[in-house]
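Below you'll find the structure, written out as structure tokens, and then a few comments.
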Amino acid sequence: MTATLFSLTFAVAAPFWALMILLPRWSWTARIIASPLIVLPVVVIYALLVLPAFGDVLPAVASPTLAGVRDLLGTSDGAAAGWAHMIAFDLFVGRWAWLDSRDRGVPALVMAPVLLLTILLGPLGLAAYLAVRTRWRRPAAAATGPQHLG
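Residue numbers in the sequence shown follow the numbering used here, run continuously in steps of one, and reach 833 at the last position.
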């Protein structure tokens, strides 16, 4: 079951990445990506992997040590859970960056490589977007309104 969940993790996230990268101007892309619930399928997979092992997971994350985290992630279940954790957060960050970039008018051709970097190396993609977004200021009306966080 772990191998199946591992394989499903990116498969359920990939359509959302494809929409943001390949169809950024399609009206349905904006409607779909507007919902923070797009990460829910990956979160469910994460829960299916973590909750049965909660007794082992909680001590490792409540008082983390390098050896404890290594031991936790060094199993098939731990690696699959770690992967689901990364995919969920990368997708949430990618979603935020995509929504924020639309508010700022960042061109889709600029965002495509940033989103690809976010898929592959999450924190580096976030860093790239934080650098990119400084070039495009939010319109004054949008700057006073609520931000797309959730």
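The beta carbon of each residue, even a glycine, is placed where N, CA and C say it ideally should be.
Contact annotation: L774 and A696 have beta-carbon atoms nearer than 7 Å. The stretch 771–789 makes contact with the stretch 711–724, as at least three CB pairs between them are under 8 Å.
In the assembly as shown, T801 is a buried residue. Its beta-carbon has 16 or more other beta-carbons within 10 Å. Here the alpha carbons of G738 and S746 stand approximately 13 Å from one another. Closest in alpha carbon position to M703, among P822, S784, Y729, L807, is S784. The alpha-carbon separation between V789 and L705 amounts to approximately 15 Å.
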